[in-house]
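S.K.: Please find one structure pasted underneath; my questions will follow.
2 protein chains.
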Amino acid sequence: MQKQQYLSKNQKIVLEHVEKANQPLKAYSILYNVQKKGLKAPLQVYRALDKLVEIGKIHKIESRNAFVACKNANCVVSNATAFSICESCEKVTEINNSKLSKYLGNFEDSSGMKYSKYNLEFFGLCKKCKNK
Amino acid sequence: MQKQQYLSKNQKIVLEHVEKANQPLKAYSILYNVQKKGLKAPLQVYRALDKLVEIGKIHKIESRNAFVACKNANCVVSNATAFSICESCEKVTEINNSKLSKYLGNFEDSSGMKYSKYNLEFFGLCKKCKNK
DNA sequence: TTGTATATTGTTATAATATAACGTTATGTA
DNA sequence: TACATAACGTTATATTATAACAATATACAA
Chain A
1 MQKQQYLSKN QKIVLEHVEK ANQPLKAYSI LYNVQKKGLK APLQVYRALD KLVEIGKIHK
61 IESRNAFVAC KNANCVVSNA TAFSICESCE KVTEINNSKL SKYLGNFEDS SGMKYSKYNL
121 EFFGLCKKCK NK
Chain B
133 MQKQQYLSKN QKIVLEHVEK ANQPLKAYSI LYNVQKKGLK APLQVYRALD KLVEIGKIHK
193 IESRNAFVAC KNANCVVSNA TAFSICESCE KVTEINNSKL SKYLGNFEDS SGMKYSKYNL
253 EFFGLCKKCK NK
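Which chain is which? The protein sequence lines are A and B, in order.
Anchor point for the first sequence: position 1 equals 1 in my numbering, and the numbering is continuous, going up by one each time.
Anchor point for the second sequence: position 58 equals 190 in my numbering, and the numbering is continuous, going up by one each time.
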């Protein structure tokens, strides 16, 4: 069987919902909102999310247990993710900085371990919240 | 009231247990193992962990929902953490690389956001697992 | 040393997040 | 067609984490 080319029904439903949001969504909030479309159980959402994360269409914000759609045109860097998170309003933005990704993509430490993947989360106050 | 100088009873118990482990521990595994010392409920463990994370004695491995003791002598960089995680044996190591921490500590992107904290998790295969 | 504020504790209940296990249906391709 | 893999649907349950409340301990200023 070929590597999957098209998204399945549930995967499409979940992805469309997450893409419409402009903030990270929790799995159970997704579930609640796609129930009208036929997804009734947590597992249906989690399975779709798992696959979408695997192929890079969606990223998980680990510190928040939440999911955002990838904003990078073609999601080529799904194994190399960086986010900025405002600790006040919880706004999350995917960082797309070629210098940073180059630096981290080539990073090696003394352990002899070669890294195939990374996830970086920056925290602080966004412009708006800083000026309050 | 002064900034806390000494750890409380529960905080000491939890920290000592986490420090003895050479791998990240789950909260409920900690709970199970400190029950003989009087901590009976999850909240007692979570509260101690929260405080210990706050003061930098313990770090949370977000992608694993697990906790490790800080290995940096004086835990000065508790708001700037980096870990390597082997996806096969789950061994986790805290990365202590001044170039990396300098680079990330000074990182600014175009959003105008200044970061006060970051957490970075690298994934790959450790030396041992790579040679299998 | 007494009052006051804050931190920590103990406890029960419950919320939120995620997966196991089972059988079925769909899809790609040899 | 037959086979393998992926996705689906469903029920139950595991795992992770917090709410809410009352009590006790600690630091320090008046």
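Every residue, glycine too, gets a C-beta built ideally from N, C-alpha and C.
In this text, all values refer to a predicted model and were calculated from it rather than measured experimentally.
Check whether the region 236 to 254 of chain B touches the region 78 to 98 of chain A, counting contact only when three or more Cβ pairs, one atom from each stretch, lie closer than 8 Å.
M.R.: The region 236 to 254 of chain B is in contact with the region 78 to 98 of chain A.
S.K.: Among all the DSSP beta bridges, which residues are the ones paired with residue 60/A?
M.R.: Here the question's residue 60/A lines up with position 60 in the first sequence. Paired residues: 67/A.
S.K.: Looking only at its chain, what residues have a beta carbon closer than 8 Å to the beta carbon of residue 122/A, apart from the 5 residues adjacent to it on each side?
M.R.: In the first sequence, counting from the first residue as 1, residue 122/A sits at position 122. Same-chain partners within the cutoff: 82, 83, 84, 85 and 95.
S.K.: Which residues mark the beginning and the end of the alpha helix (DSSP H) in which residue 126/A is found?
M.R.: Counted from its first residue, the first sequence places residue 126/A at position 126. Neither: residue 126/A is in no alpha helix (DSSP H) and is coded neither H nor E.
S.K.: Comparing alpha-carbon positions, which option in 257/B, 166/B, 139/B and 168/B lies nearest residue 222/B?
M.R.: As a working mapping, residue 222/B is identified with position 90 in the second sequence. Ranking the options by Cα distance to residue 222/B, first place goes to 257/B.
S.K.: Look at the Cβ atom of residue 198/B, then the Cβ atom of residue 189/B, and state whether they are nearer than 9 Å.
M.R.: Counting from one through the second sequence, the residue named residue 198/B turns up at place 66. Counting from one through the second sequence, the residue named residue 189/B turns up at place 57. Contact flag unset, no.
S.K.: In this structure, how does DSSP classify residue 157/B when only helix, strand and coil are distinguished?
M.R.: On the second sequence, residue 157/B is found 25 positions in, with the first residue counted as 1. Correct three-state label for residue 157/B: strand.
S.K.: Are there 16 or more other CB atoms within 10 angstroms of the CB of residue 131/A, so buried, or fewer, so exposed?
M.R.: For this step, residue 131/A is matched to residue 131 along the first sequence. Answer is exposed; the Cβ neighbour count stays below 16.
S.K.: Starting from residue 187/B, trace the beta strand (DSSP E) both ways and give me its first and last residue.
M.R.: Here residue 187/B refers to the residue found at position 55 of the second sequence. Element bounds for residue 187/B: n/a, residue is neither H nor E.
S.K.: For residue 24/A, which of 31/A, 68/A, 111/A and 103/A has the nearest alpha-carbon?
M.R.: The residue labelled residue 24/A in the question sits at position 24 within the first sequence. Nearest C-alpha to residue 24/A: 68/A.
S.K.: Going by C-alpha to C-alpha distance, which of 31/A, 114/A, 44/A and 52/A sits closest to residue 78/A?
M.R.: For the purposes of this step, residue 78/A is taken as the residue at position 78 of the first sequence. With distances taken between Cα atoms, residue 78/A lies closest to 52/A.
S.K.: Helix or strand or just coil, what does DSSP make of residue 1/A?
M.R.: As a working note, residue 1/A is residue 1 in the first sequence. Here residue 1/A scores only 45 on pLDDT, less than 50, and its place in the model should not be relied on; the value that follows carries that caveat. Residue 1/A: coil per DSSP, three-state reduction.
S.K.: Quick check: the Cα distance between residue 32/A and residue 12/A, rounded to an integer number of angstroms?
M.R.: Along the first sequence, read from residue 1 onward, the residue named residue 32/A stands at position 32. Along the first sequence, read from residue 1 onward, the residue named residue 12/A stands at position 12. Computed Cα separation, rounded: 16 Å.
S.K.: Alpha helix (DSSP H) containing residue 84/A: first to last residue?
M.R.: The sequence position of residue 84/A within the first sequence is 84, counting from 1. Here residue 84/A belongs to no alpha helix (DSSP H); instead the beta strand (DSSP E) covers 80 to 86.
S.K.: Who are the near neighbours of residue 63/A in its chain, counting only those whose CB is closer than 6 Å to its CB and skipping five residues on each side?
M.R.: Translated into positions along the first sequence, residue 63/A becomes position 63. Contacts found: 121.
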